[in-house]
Amino acid sequence: ETGVTQTPRHLVMGMTNKKSLKCEQHLGHNAMYWYKQSAKKPLELMFVYNFKEQTENNSVPSRFSPECPNSSHLFLHLHTLQPEDSALYLCASSQEAAAGGGNQPQHFGDGTRLSIL
Amino acid sequence: AQKVTQAQTEISVVEKEDVTLDCVYETRDTTYYLFWYKQPPSGELVFLIRRNSFDEQNEISGRYSWNFQKSTSSFNFTITASQVVDSAVYFCALSEPRGSQGNLIFGKGTKLSVKP
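Residue numbers (the numbering used here), protein chains in the order written: chain A, 1092 to 1208; chain B, 310 to 425.
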C-alpha cells in the first residue's frame, strides 16, 4: 500500500469543466508537491508546499490552482483546461528541514491520468 | 543551470543480462544530491537511491549498483542479472541546494524492457 494516495486514478473532462485532484499522504511528511508528466517530456514540478505554505510556483498557468488545507492533504483544482494539459499528474511528499530542503527522497503517488476533450 | 541527461531513451535486454543506465548531470553547486527513481507501468515513482555530492563511494543493493563519478559528472545505474519485473522507466534526478525547496530536476527517463 502506497503512503501517498491520489484520487481519482483517471479523469476525463471537457475544457469548460471544473474538477479537483486529491492527494493524501500517510507518512507524516511536511512537504508536498504536484508534478506534471507529459509524454516525452521530463517531469515538471508545478507546486511545492512546505508546512502548508506554498513555497514554489513554477510559472504554472492560473487554470491550475493548488490548495493545501493541512500537511497531509493537497488538492489541485482544475478550471478551463486546454488539450495540452492532458498528462499524468503526480503528487509527492517528503520530510524536509524547516530551513530548506531538496535533499530528501520524495515519495510519489500513483498519479491521476487526466484527459482533456 | 542544473540539467540531467539520460541519453538512452529505450533499452531492451533479455532476462539475466546485465544492463547499465547512464546519467550525466550538470550543476554549478558544490553541494547537491542525486537520485534514481523507478516508474513501473502502474505510474508510481519508486525511490531507489540518494547520493550526496561528498560521497563518491559506489553502492550495491542486491542486484542494483550505482557508480558515482564526480570527475565525469555521472551517476550510472547497473542492474545485474535483469528480470522481467525490472521492466520500467528509470529516472535520474538532481536536487538543487538547500534553500530551494524540493526542486528535483529529472532526466527524461530510460525505458527498460526485459524480455523473458
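Where a beta carbon is used, it is the ideal one built from N, C-alpha and C, also for glycine.
Secondary structure of residue i, DSSP reduced to three states
i: Val394(B); result: helix
i: Ser368(B); result: The sequence given here places Glu at residue 368(B); Ser does not occur at that position. Reduced to three states, the DSSP call for Glu368(B) is strand.
i: Lys279(B); result: Nothing about residue 279(B) can be reported from this structure: the residues present for chain B run from 310 to 425 only.
i: Lys379(B); result: helix
i: Glu429(B); result: Residue coverage of chain B in this structure runs from 310 to 425, which leaves residue 429(B) outside it and unanswerable.
i: Ile320(B); result: strand
i: Ser409(B); result: With a pLDDT of 49 at Ser409(B), under the threshold of 50, the modelled position of that residue is not reliable, and the figure given next carries that caveat. In this structure, Ser409(B) counts as coil in the three-state DSSP scheme.
i: Gly1202(A); result: coil
Identity of the residue in the options nearest residue i by Cα
i: Ser1206(A); options: Gln1116(A), Gln1145(A), Pro1196(A) and Val1103(A); result: Val1103(A)
i: Val423(B); options: Lys312(B), Gln311(B), Gln315(B) and Val322(B); result: Val322(B)
i: Thr1096(A); options: Lys1109(A), Ser1111(A) and Gln1116(A); result: Gln1116(A)
i: Val313(B); options: Ser404(B), Ala390(B) and Phe356(B); result: Ser404(B)
i: Val400(B); options: Val393(B), Arg359(B) and Asp364(B); result: Looking at the sequence shown, residue 400(B) is not Val but Phe. Here the closest residue by C-alpha is Arg359(B).
i: Ser1185(A); options: Lys1143(A), Asp1176(A) and Arg1100(A); result: Lys1143(A)
i: His1170(A); options: Glu1135(A), Phe1155(A) and Gly1202(A); result: Phe1155(A)
i: Val333(B); options: Pro349(B), Leu343(B), Glu353(B) and Gly371(B); result: Leu343(B)
i: Phe377(B); options: Gly352(B), Asn361(B), Gln315(B) and Tyr346(B); result: Asn361(B)
i: Ser1111(A); options: Glu1135(A), Arg1100(A) and His1120(A); result: Arg1100(A)
i: Leu1134(A); options: Pro1196(A), Cys1114(A), Glu1147(A) and Ala1178(A); result: Ala1178(A)
i: Asp1201(A); options: Leu354(B), Ile369(B) and Lys347(B); result: Leu354(B)
i: Ala390(B); options: Pro425(B), Leu413(B) and Thr336(B); result: Pro425(B)
i: Ile315(B); options: Ser382(B), Asp338(B) and Arg372(B); result: The question names Ile, yet the displayed sequence has Gln at residue 315(B). Checked all of Ser382(B), Asp338(B) and Arg372(B); the closest Cα to Gln315(B) is Ser382(B).
i: Ser250(B); options: Lys347(B), Tyr341(B) and Ala310(B); result: Residue numbering for chain B in the displayed model covers 310 to 425; residue 250(B) lies beyond these limits and cannot be assessed.
i: Thr329(B); options: Gln311(B), Thr340(B) and Phe384(B); result: Phe384(B)
i: Glu414(B); options: Thr318(B), Tyr341(B) and Asn367(B); result: Residue identity check: residue 414(B) is Ile in the sequence provided, not Glu. When only C-alpha atoms are compared, the closest one is Tyr341(B).
i: Ser1153(A); options: Asn1161(A), Cys1114(A) and His1168(A); result: His1168(A)
Residues that residue i bridges to, as DSSP identifies them
i: Phe344(B); result: Arg359(B) and Ala402(B)
i: Gln1116(A); result: Val1095(A)
i: Ser1185(A); result: Ala1122(A)
i: Met1104(A); result: Ile1207(A)
i: Ala1178(A); result: Leu1205(A)
Near the ligand FAD: residue i beta-carbon under 6 Å from a heavy atom
i: Ser422(B); result: As far as ligands go, the structure on display features none, and thus does not contain the ligand FAD.
Taking a Cβ distance cut-off of 8 Å, strictly less, list which residues of the stretch 345 to 364 of chain B are near chain A, in chain order.
Tyr346, Ser351, Gly352, Glu353, Leu354, Val355, Phe356, Arg359 and Asn361
Which ranges does the beta strand (DSSP E) cover as unbroken runs of at least 3 residues, wholly within the stretch 1125 to 1170 of chain A, from first to last along the chain?
1135 to 1141, 1144 to 1148, 1155 to 1161 and 1164 to 1170
Closer than 9 Å, Cβ to Cβ, to anything on chain A: give me those residues from the stretch 362 to 387 of chain B, in chain order.
none
Please identify, using Cβ separations under 8 Å, the residues of the stretch 1127 to 1141 of chain A that lie next to chain B, in order along the chain.
Lys1131, Lys1132, Pro1133, Leu1134, Leu1136, Val1139 and Asn1141
Taking a Cβ distance cut-off of 7 Å, strictly less, list which residues of the stretch 413 to 424 of chain B are near chain A, in chain order.
Leu413, Phe415, Gly416 and Lys417
Output, in sequence order along the chain, the residues in the stretch 331 to 345 of chain B whose CB is closer than 8 Å to any CB in chain A.
Tyr342 and Phe344
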